[in-house]
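Protein chains in written order, with the working numbering: chain A, 1 to 113; chain B, 1001 to 1308.
Positions of the beta carbon are idealized from the N, C-alpha and C atoms, including for glycine.
Notes for the one structure printed next.
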Ligand SMILES: Cc1cc2nc3c(=O)[nH]c(=O)nc-3n(C[C@H](O)[C@H](O)[C@H](O)COP(=O)(O)OP(=O)(O)OC[C@H]3O[C@@H](n4cnc5c(N)ncnc54)[C@H](O)[C@@H]3O)c2cc1C
């Protein structure tokens, strides 16, 4: 099962590992189809055209294999959906919890990638 | 976008703006909706809408998509994710500059910029948002299974969400500034009679503290001004909304609370500038009242441009 968005989805830990090893700059939003998550997916869908150097993905929070994001040390203490992680050369360089505005997202994209 | 001249421009693409767009486009009048962020406004933040007539229940996101598609099907152009960087609403021709480069023109403008959740704006609030502080019970409630939480506020949202959160939390404390509530009688009674809910009244939170996530809050007793700390796992904040009218504050007449003042035709103090939805001075803020305002402002704006 995947999220109903126009983003590319990550469904398994194996998918995740492959994507991380194949790409330099990645933004992954892990959430549900809820009010705090949907605006973030919509911003990501739009930002894909502006940031061709970044790969944008989502992952359904409730998938058992989404533990690969849920249990990241960078997400420890997170108690708000979605969990969003930014990965550069295989390393998590930034992680946020809860809804983020376009300005907050672009500020991170501009600073970490 | 090549086309820069419109008959009517709508600022804001929530239910008020999208309804105005639908009516104007359907009347074959050229209309553009300019929206910061994704369209749908506060509807997108709503998990389930069960009080929009004719639809049993629908997610706010789906209702937003449907409203936008319907407006677009009649020729309304919706431009989302933009930032209005300057405007001139006073002349006969109104101009609006987007992203500091694109200048759009119109004969009339409808302001439908809505509102957003009020924050406490105190120490630690930004730092712990998503790490113990939340503004959405349906989104984040399940992170607080068997935990102890606080709900801040004393209106219907705070009371109803406090009750909803008892399905997860072992204890919910409502912290409210006054000794009485502003909610409906049944909402107050339900919260007061709930065995998992207790109250700290005439008090306010003045700070959030913790390391990786929220661990405690500082609360001020408003009668004695004494402050005390309380260990807590989570805080949900429901303290009303603020109208998004700051850009218009020196141009358009606003109420003390910052809402745009309009007559029954949704006309503001500036000729050719109308208002619709939650950013207008009014009592009831719902999707149904926003679409009503959107309808009236659209028809009156059309009448205005056709009379010129
Ligand atoms: C959590 C929650 C649950 C709710 N549940 C319900 C419910 O069940 N039923 C119900 O009827 N109502 C509900 N409401 C209230 C309802 O959503 C609002 O009354 C309604 O959305 C108001 O519509 P609006 O178009 O006036 O404003 P908004 O929905 O606030 O839309 C305004 C739009 O304008 C945009 N904007 C703001 N400033 C600018 C600018 N400067 N330039 C361009 N664009 C701008 C915003 O980004 C936004 O998209 C709920 C509200 C919330 C927050």
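*Given a limit of 8 Å on CB to CB distance, which residues of the segment 1017 to 1051 of chain B reach chain A?*
1037, 1038, 1044, 1045, 1046 and 1047
*Compute the minimum distance between the beta carbon of residue 46 (chain A) and the heavy atoms of ligand 1, and state whether it is under 6 Å.*
no
*Which residue from B:1013, B:1274 and B:1082 puts its Cα closest to that of residue 1001 (chain B)?*
B:1082
_What would DSSP say about residue 116 (chain A), mapped onto helix, strand or coil?_
Residue numbering for chain A in the displayed model covers 1 to 113; residue 116 (chain A) lies beyond these limits and cannot be assessed.
*Smallest Cα separation from residue 1031 (chain B): which of B:1297, B:1008 and B:1039?*
B:1008
_Residue burial classification, residue 1180 (chain B) (beta-carbon count within 10 angstroms, cutoff 16)_ = exposed
_Bridge partners for residue 1032 (chain B) per DSSP, in chain order?_
B:1009 and B:1077
*Within the chosen definition, does the segment 4 to 18 of chain A reach the segment 75 to 95 of chain A through at least 3 CB pairs nearer than 8 Å?*
no
*From this set, B:1149, B:1004 and B:1170, which residue's C-alpha is nearest residue 1195 (chain B)'s C-alpha?*
B:1170
_Interface flag, residue 81 (chain A) vs chain B, CB-CB below 7 Å_ = yes
*Check whether the Cβ atoms of residue 1013 (chain B) and residue 1078 (chain B) lie closer than 7 Å to each other.*
yes
*Can you tell me where the beta strand (DSSP E) with residue 1139 (chain B) in it begins and where it stops?*
Note, residue 1139 (chain B): premise wrong, no beta strand (DSSP E); alpha helix (DSSP H) at 1137 to 1140.
*With C-beta atoms as the reference, is residue 1244 (chain B) less than 7 Å away from residue 1097 (chain B)?*
no
*asked:* Among the candidates B:1064, B:1026, B:1299 and B:1116, whose CA atom is the shortest distance from the CA of residue 1272 (chain B)?
replied: B:1299
_Segment limits, beta strand (DSSP E) that includes residue 40 (chain A)_ = Per DSSP, residue 40 (chain A) belongs to no beta strand (DSSP E); it is in the alpha helix (DSSP H), 38 to 50.
_With a threshold of 7 Å between beta-carbons, can residue 64 (chain A) be considered close to chain B, or not?_
no
_With H, G and I counted as helix, E and B as strand and the rest as coil, what does DSSP make of residue 1168 (chain B)?_
coil
*Relative to ligand 1, is the shortest distance from any of its heavy atoms to the C-beta of residue 1045 (chain B) smaller than 6 Å?*
yes
*What do you reckon, are the CB atoms on residue 25 (chain A) and residue 54 (chain A) nearer than 7 Å?*
yes
_Does the CB of residue 73 (chain A) have a neighbour CB from chain B at under 7 Å?_
no
*Residues that residue 1132 (chain B) contacts on chain A, provided the C-beta gap is smaller than 7 Å*: 79
_Please classify residue 1093 (chain B) as buried or exposed, where buried requires at least 16 other C-beta atoms within 10 Å of its C-beta._
exposed
*asked:* Any beta carbon of chain A sitting closer than 7 Å to that of residue 1230 (chain B)?
replied: no
*Please classify residue 1041 (chain B): does DSSP put it in a helix, a strand, or coil?*
helix
*So which residues on chain E does residue 1278 (chain B) lean against when the C-beta distance must stay under 7 Å?*
Looking for chain E here will not work: the only protein chains present are A and B.
_Where residue 1060 (chain B) meets chain A, residues with beta-carbon distance less than 9 Å_ = 35 and 38
*What's the C-alpha gap between residue 1109 (chain B) and residue 1200 (chain B)?*
46 Å
*residue 1190 (chain B) in three-state terms, based on DSSP*: helix
*At which residues does the beta strand (DSSP E) containing residue 1198 (chain B) begin and terminate?*
1197 to 1201
_residue 1143 (chain B): contacting residues in chain A (beta-carbon distance under 7 Å)_ = 79
_Positions along the segment 1211 to 1236 of chain B whose CB lies within less than 9 Å of some CB in chain A_ = 1211, 1212, 1213, 1214, 1233 and 1234
_Strictly by DSSP, which residues pair up with residue 27 (chain A)?_
A:56 and A:86
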